[in-house]
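In what follows, a single structure is set out as structure tokens and then discussed.
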Amino acid sequence: MTMVDTRARRSTMLPPSLPPFGVSREQAAALLSISASLFDSAVEVGTMPQPRVLGGRNIWDVDELWASFRALPHKAGMHRYPDEQRPQGNAFDNAKKG
Numbered sequence: 227m228t229m230v231d232t233r234a235r236r237s238t239m240l241p242p243s244l245p246p247f248g249v250s251r252e253q254a255a256a257l258l259s260i261s262a263s264l265f266d267s268a269v270e271v272g273t274m275p276q277p278r279v280l281g282g283r284n285i286w287d288v289d290e291l292w293a294s295f296r297a298l299p300h301k302a303g304m305h306r307y308p309d310e311q312r313p314q315g316n317a318f319d320n321a322k323k324g
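In my numbering, the protein residues as written are 227 to 324.
What follows is the structure, encoded as structure tokens:
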């Protein structure tokens, strides 16, 4: 059995209604709709969480990804409250420039 067959078999072991709570680097980037290299930069600067390690594999906690995403600032001018200070960029922007 090949590695692809093994992964496919593992993914069918759980019901589709049960979402994963740990994802790979590529899956984490896909959840955010960004490239894996931009995701790497965001992890490096601390905008996204560090992975957890299991058996030498890096696995990102979906709840931590969700919390980090929710902590990102909204685009300038899109604030819920007019008195909120506007952010001066964020770590994603800084990661792209670096």
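Backbone N, C-alpha and C fix where the C-beta goes; we use that ideal spot for every residue, glycine too.
Note that the structure is a prediction, hence the values are computed from the model and not measured.
Within a Cβ cutoff of 8 Å, which residues of the same chain sit near S356, ignoring the five residues on either side of it in sequence?
Residue coverage of the chain in this structure runs from 227 to 324, which leaves residue 356 outside it and unanswerable.
When L264, L257, A302, L298 are compared against D287, the one with the closest alpha-carbon
Out of L264, L257, A302, L298, L257 has the C-alpha closest to the C-alpha of D287.
For L291, count neighbouring C-beta atoms within 10 Å of its own C-beta (all shown protein chains included) and say buried if the count is 16 or more, exposed if not.
Around the beta-carbon of L291, 16 or more other beta-carbon atoms lie within 10 Å, marking it buried.
Where do the N-terminal and C-terminal ends of the beta strand (DSSP E) with L257 fall, by residue?
Not the beta strand (DSSP E): L257 falls in the alpha helix (DSSP H), residues 251–258.
What is the residue span of the alpha helix (DSSP H) that L264 lies within?
262–271 is the span of the alpha helix (DSSP H), which, as asked, contains L264.
Using the beta-carbon count (16 or more within 10 Å), is F265 buried or exposed?
Counting of Cβ neighbours within 10 angstroms places F265 among the buried residues, the total reaching 16 or more.
Buried versus exposed, by CB contacts within 10 Å (16 or more), S263:
S263 should be labelled exposed.
Measure the C-alpha to C-alpha separation of A302 and Q253 and round it to an integer number of angstroms.
In this structure, the CA atom of A302 is about 28 Å from the CA atom of Q253.
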